[in-house]
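A quick write-up on the structure given underneath.
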Amino acid sequence: MDEKALHSKLTASGVGGVGELDESAKDPFVVVEAGSLVAAMTFLRDDPDCRMEMCNCVTATERADAMELAYHVSSLSKHHSLTLKVSCPRPEGGDHDSWHPEVPSIAGVWSAANWHEREQWDLLGVKFTGHPDHRRILLPEEWIGHPLRKDFVYPTSAGEIPLELDAIPMYERDENAPAPESTSERKAGEPLTQPPAPFSSRPLASGGKTCEPDAPKEGDH
Amino acid sequence: MEALEMYTVDRRDDVYTEELKLNLGPQHPSTHGVLRVELGMDGEIITAARCDIGYLHRCAEKIGENVSYLQFGPYTDRMDYLAACNNELAWSLAVEKLLGVEAPERAQWLRVIVCELNRIASHLIAFGTYGIDMGANTPFFYAFRERETIMALLERPSGQRMLYNYIRPGGVAHDIDEMWLTDVLGFCDEFEKRWAEYNTLLTTNRIFIGRTANIGIISKEMALDYGLTGPVLRASGVKWDLRRDVPYLWPYDECEFEVPIGEGTHGTLGDCWDRYWVRMREMMESIRIIRQACHKVPSGDFTEKSMLKMYKTPLKPPAGEAYMRCENPRGELGFYVVSEGGQSPIRCRARAPSFCNLSVLDALLPGCMLGDGVAIIGSLDIVLGEVDR
């Protein structure tokens with residue numbers, strides 16, 4: 002079945018809150034309301050025509066106005082896949098610290114979603130209600146904040162070690178500035194790798210100083 | 003009399019047994035990297051297991067949001083560093099899907115060859131290290147001998163030995179030299195003989211079969227429930243290979259190859275030995291694909307002409323999102339890229355196969371012996387660089 006047939010199957014199933022199918026996207030997706038997510042997923046898994054055996058990926062994306070969750074599910078026996086999206090609108094003044102969008106967990110439908118959801122909580126601060134093991138997964142438990150959020154403030158130190166940020170993000174660069182000149186001296190047609198210099202011509206680690214074995218060193222008794 | 007009483011007192015009330023918490027890793031040779039597993043032990047039997055990952059977390063997804071589309075290619079190499087070409091391929095295809103371009107024919111075939119070579123190299127590591135896990139040190143050296151040849155072959159077009167950055171959006175980075183295809187075919191002939199040698203060394207070894215057969219059985223339902231992919235899924239008897247079922251590169255459609263699945267030859271379907279044997283047979287299928295591809299590489303451009311112009315300015319795909327999945331040596335690698343029209347994506351999610359394959363470990367270990375736990379971790383063939391990203 003293609004996405005269109007899957008979508009009509011899903012709307013006819015009696016699961017409420019199933020929105021329209023966006024066919025203009027590269028991967029056509031269905032927008033589902035958060036409340037009916039678990040029912041829709043269970044239907045997709047159990048229906049003999051859909052038979053979505055696998056949950057491939059759960060991704061949260063922070064947009065300017067909402068947190069958007071994308072669920073990629075696929076069927077191995079029927080050779081089709083579908084993308085479902087849940088959108089959690091950003092409340093007024095919702096920022097990194099105050100806003101943790103809540104979505105029902107689908108870890109009960111597919112165990113595969115368990116770790117994916119934990120990762121989205123860890124990195125983006127999306128709460129999955131009803132999750133069996135709602136802990137951080139990649140970052141340590143004592144970590145503050147969710148680093149993939151756009152307004153995440155980089156820590157300036159890790160314990161006693163100060164951290165310096167020298168990289169300028171791409172989106173802050175001047176797009177109209179001329180591209181930097183290539184510093185590579187390789188001409189077209191030249192081989193990629195140059196043979197290494199002969200060993201004798203390489204600088205010595207000692208800087209050329211030699212150590213006489215017989216000469217008494219300073220501090221020797 | 004007093005002395006006799008001393009000996010009749012029951013002194014065993016302070017001797018008791020309790021569950022032992024055992025910490026496996028993160029610095030442990032058989033966890034294949036910095037994986038830590040908290041184990042509850044009842045004697046030699048594992049009663050509970052909890053994976054602790056993240057020791058190698060390098061914020062790859064955050065980096066992806068701060069660099070351009072082309073710049074992120076090398077970072078994908080460092081996720082699954084044993085199969086760098088396959089990671090680049092998935093990323094390049096995702097970006098190409100966003101841009102709506104396709105690589106020229108020659109680049110497509112070259113991609114197939116380098117990816118299959120890299121798949122063999124990756125499976126060789128799985129084979130060699132699994133031998134070490136099971137107490138057989140020799141196969142590792144044999145595996146590295148052939149892997150060395152592959153790395154030397156891949157070095158010639160890419161200039162790198164491990165993290166190639168060879169496949170880029172729009173094609174491949176450099177063309178191959180005239181003798182390359184001949185040498186690849188020569189390697190194929192040589193490798194077939196070596197492969198037979200591996201089987202006498204390890205595959206049919208009685209001790210090895212005793213250590214791996216009937217251990218860590220993953221049923222078909224369990225594999226699908228946990229979203230396992232790649233050889234781990236196929237060993238459970240599911241014939242699913244993205245190269246065959248969802249050909250993300252059309253040359254795979256024109257090649258003839260089998261999808262090996264587990265058969266429970268020495269034990270139960272989906273045990274450690276099946277997973278091992280699926281990988282071994284996949285190497286031979288890769289050789290088959292490479293042979294066919296080498297004869298079909300057409301002449302022509304190795305990079306899309308329109309892309310070459312685009313390289314001079316940062317790529318700016320139109321707003322939209324694309325999910326691209328590829329069959330990596332470890333399973334399905336998916337890249338979900340969300341663009342809002344800027345120089346860098348606003349979200350670049352990697353669905354790492356090792357990450358999903360590892361999630362089954364918590365459910366698989368309880369009830370096993372500790373030594374079998376090592377066999378199970380090894381048979382999942384995880385790369386921690388990809389688990390933690």
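As they're listed, the protein sequences go chains A and B.
As numbered in the numbering used here, residues 2 to 222 make up the first sequence, in order.
As numbered in the numbering used here, residues 3 to 391 make up the second sequence, in order.
Ideal Cβ placement from N, Cα and C applies to all residues, glycine included.
To the nearest angstrom, how far is it from the Cα of residue i to the Cα of residue j?
i      : j      : result
A/D123 : B/N330 : 26 Å
B/Y83  : B/L165 : 7 Å
A/I169 : B/C61  : Caution is warranted here: a pLDDT of 48 is assigned to A/I169, below 50, making its placement in the model unreliable, and no coordinate value can be reported.
B/G172 : B/G45  : 57 Å
A/K79  : A/M55  : 12 Å
B/V174 : B/P159 : 9 Å
B/L187 : B/Y168 : 20 Å
A/M171 : B/I65  : Confidence at A/M171 is low in this model, with a pLDDT of 49, below 50, so its placement is unreliable and the value that follows should be read with caution. So the alpha carbons of these two residues sit roughly 10 Å apart.
B/I348 : B/S341 : 6 Å
B/M282 : B/N216 : 18 Å
A/P92  : B/V280 : 51 Å
A/D152 : B/N68  : 13 Å
B/D191 : B/L382 : 29 Å
B/A40  : B/M326 : Residue identity differs from the one stated: residue 40 of chain B is Glu in this sequence, not Ala. Using only the alpha carbons, I get a separation of about 34 Å.
A/H132 : B/G269 : 36 Å
B/Y250 : B/L24  : 44 Å
B/L156 : B/T33  : 28 Å
B/G130 : B/G75  : 28 Å
B/N359 : A/N177 : 45 Å
Mapping the DSSP letters down to three states, classify residue i as helix, strand or coil.
i      : result
B/C53  : strand
B/L230 : coil
B/C190 : helix
B/F357 : helix
B/A253 : According to the sequence displayed, residue 253 of chain B carries Pro and not Ala. In the structure shown, B/P253 sits in a helix (DSSP, three-state: H, G or I).
A/I153 : According to the sequence shown, residue 153 of chain A is Phe rather than Ile. Coil at A/F153, not helix or strand.
B/S341 : strand
A/K27  : coil
B/I291 : helix
B/E223 : helix
A/E93  : coil
B/H30  : strand
A/N177 : coil
B/A324 : strand
For residue i, does the count of other Cβ atoms within 10 angstroms reach 16, so buried, or fall short, so exposed?
i      : result
B/K99  : buried
A/Q121 : buried
B/T267 : exposed
A/I145 : exposed
B/I127 : buried
B/R391 : buried
B/H125 : buried
A/M53  : buried
B/G102 : exposed
B/I291 : buried
A/Y155 : exposed
Taking the alpha helix (DSSP H) that residue i falls in, what are its first and last residues?
i      : result
A/S9   : 4-13
A/S75  : Run containing A/S75: none in the alpha helix (DSSP H); it sits in the beta strand (DSSP E), 67-76.
B/L244 : 244-247
B/L24  : Here B/L24 belongs to no alpha helix (DSSP H); instead the beta strand (DSSP E) covers 22-26.
B/N88  : 86-101
B/G375 : 372-382
B/V389 : 386-390
Go to residue i, then tell me how far its beta strand (DSSP E) extends in each direction, as first and last residue.
i      : result
B/G42  : 38-44
B/V114 : Unbroken run through B/V114 is the alpha helix (DSSP H), 107-135; no beta strand (DSSP E).
B/C350 : 349-353
B/K64  : Here B/K64 belongs to no beta strand (DSSP E); instead the alpha helix (DSSP H) covers 62-66.
B/G75  : Per DSSP, B/G75 belongs to no beta strand (DSSP E); it is in the alpha helix (DSSP H), 74-79.
A/T130 : 128-130
B/S238 : Per DSSP, B/S238 belongs to no beta strand (DSSP E) and is neither H nor E.
A/P105 : 103-105
A/H117 : Careful: A/H117 lies outside any beta strand (DSSP E), inside the alpha helix (DSSP H) at 113-125.
A/D83  : One point to set straight first is that residue 83 of chain A is Leu, not Asp, in the sequence displayed. From DSSP, the beta strand (DSSP E) with A/L83 extends over 81-90.
A/M55  : 55-63
B/M153 : Counting along the chain, B/M153 falls outside any beta strand (DSSP E), though it belongs to the alpha helix (DSSP H) covering 140-160.
Below 8 Å on the Cβ atoms is my contact criterion, and I expect residue i with residue j to pass it. Report the Cβ-Cβ distance as a whole number of Å.
i      : j      : result
B/F210 : B/A138 : 7 Å
B/G380 : B/D54  : About 18 Å separates the two Cβ atoms, so there is no contact after all.
A/S76  : A/C58  : The pair is not a contact, with the Cβ atoms about 15 Å apart (cut-off 8 Å).
B/M81  : B/E334 : About 14 Å separates the two Cβ atoms, so there is no contact after all.
B/L317 : B/S94  : 11 Å between Cβ atoms; not a contact.
A/G15  : A/E34  : Not a contact, Cβ separation roughly 14 Å.
B/G369 : B/I48  : 7 Å
If the cut is a Cβ gap below 7 Å, which residues of chain C does residue i touch?
i      : result
B/R353 : Annotation note: the requested chain C is absent from the structure, which comprises protein chains A and B.
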